[in-house]
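Peer 1: Provided herewith is a single structure, encoded as structure tokens, for subsequent inquiry.
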């Protein structure tokens, strides 16, 4: 780093209080990883015997509320959201939002232990790239970002972009619902949750400063809509992919969206020197590469034992259904025969 870079860094209006949000974000990440694992278990129980590439139907979504593991996971995720909101009250979006990547490591380890699957070298490298990229980003953002004041024009711009995003993902979901992969749901949820974090920051800041108006309430309504659709996407992602892949996508795509809004619209990096902006981009690219490598090399997608197990399960369900149909047909035939015999008598 050159002397003029250090001079640029010294000119940034740094507030030590904005570091308070970091430990809250870390606790939220831990709770998120445990909640994700529990929810994934509940979704798998509900989705047993169904096509793993199809979205959950309404009956399955309702059945989730009867699964203790899914409900417990929801409680953990609710607590994670509370800690995240607290962190946003203290720190800029671009500082605390990427810290959720810690959940990726914890979830990967938990899922490997639960499924008794050993993480391969490629998966470990992918996780390291994702977490390393996010770690570099946060380390730089912590000392170069600011909590910039928000204007009504900023809020309106965020709302318009979100409405367009909701329309695009909603239409794609309705048209291609039965043919969408885990990656679609992960990207969709990540983008939506990036807006959720941004809108949460907007609402919290407005309430703290007593500057609530109709735009604030519109942001709150949009936040709830994005949360519901994002949650639907997450549950379908659990149905079609492993939990650590889901978390990888959420903890990288979510902050990328939030960070982009924080930089381009909320001006949180307005005082950051040029080298910091370049570092943001490089660190983000590193994290994205890690996610796509994890999607490609995750052992759940390549383990022959796992694949055979899934195929056997599907075969068993098919045989069970066929056997039930034959029994019903035989019973119906017997009833008809008895009726004919009685009519002859």
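Numbering (our numbering), first residue to last: 3 to 347.
Where is the CB? At the ideal position from N, CA and C, for every residue including glycine.
(1) Alpha carbon to alpha carbon, what distance is there between residue 44 and residue 196?
(2) Is it buried or exposed, residue 166, if we count other Cβ atoms within 10 angstroms and call 16 or more buried?
(3) Residue range of the alpha helix (DSSP H) that residue 350 falls in?
(4) Go ahead and label residue 180 buried or exposed: buried means 16 or more other beta carbons lie within 10 angstroms of its beta carbon, across all protein chains shown.
(5) Under 8 angstroms: do the segment 238-254 and the segment 106-124 share three or more Cβ pairs, one atom per stretch?
(6) Could you say which of 237, 67, 103, 255 lies nearest to residue 27 if we only look at CA atoms?
(7) Counting pairs of beta carbons, one from the segment 80-96 and one from the segment 139-156, are three or more of them closer than 8 angstroms?
(8) Going along the chain, which unbroken runs of the alpha helix (DSSP H) with 4 or more residues stay wholly within the segment 211-287?
(9) Identify, in the order they occur along the chain, each residue of the same chain with its Cβ nearer than 6 angstroms to the Cβ of residue 75, setting aside the five sequence neighbours on each side.
(10) Assuming contact is defined by CB atoms lying nearer than 8 angstroms, are residue 271 and residue 265 in contact in what I supplied?
(11) What is the rounded straight-line gap between the Cα of residue 208 and the Cα of residue 118?
(12) What's the C-alpha gap between residue 277 and residue 132?
(13) Could you tell me whether the segment 283-299 touches the segment 211-226, where touching means 3 or more Cβ pairs closer than 8 angstroms?
(14) Compare the beta carbon distance of residue 299 and residue 125 with 8 angstroms and say whether it is the shorter of the two.
(15) Using a Cβ-Cβ cutoff of less than 8 angstroms, which residues in the same chain neighbour residue 201 once the five nearest sequence positions on both sides are dropped?
(16) Relative to the alpha-carbon of residue 136, which residue among 296, 301, 292 has its alpha-carbon at the smallest distance?
(17) When you compare each of 123, 152, 260, 252 to residue 188 by their alpha carbons, which one comes out closest?
(18) Which stretch, first to last residue, makes up the alpha helix (DSSP H) that contains residue 93?
(19) Determine the extent of the alpha helix (DSSP H) in which residue 114 is found, giving its start and end residues.
Peer 2: If we stick to the structure as given:
(1) 25 angstroms
(2) exposed
(3) The question about residue 350 has no answer, for the chain in this structure spans 3 to 347.
(4) exposed
(5) yes
(6) 103
(7) yes
(8) 216-242, 245-266, all fully within the segment 211-287.
(9) Non-local beta-carbon contacts of residue 75 in its own chain, meaning distances under 6 angstroms to residues more than five positions away in sequence, involve 37, 40, 41 in chain order.
(10) yes
(11) 47 angstroms
(12) 21 angstroms
(13) By the Cβ test, the segment 283-299 is not in contact with the segment 211-226, since fewer than three Cβ pairs between them sit closer than 8 angstroms.
(14) Residue 299 is a Cβ neighbour of residue 125, given a cutoff of 8 angstroms.
(15) 160, 164, 221, 222, 224, 225, 228
(16) Across the set 296, 301, 292, the C-alpha of 292 shows the shortest separation from the C-alpha of residue 136.
(17) 252
(18) Residue 93 -> no alpha helix (DSSP H), and no H or E assigned at all.
(19) 104-117
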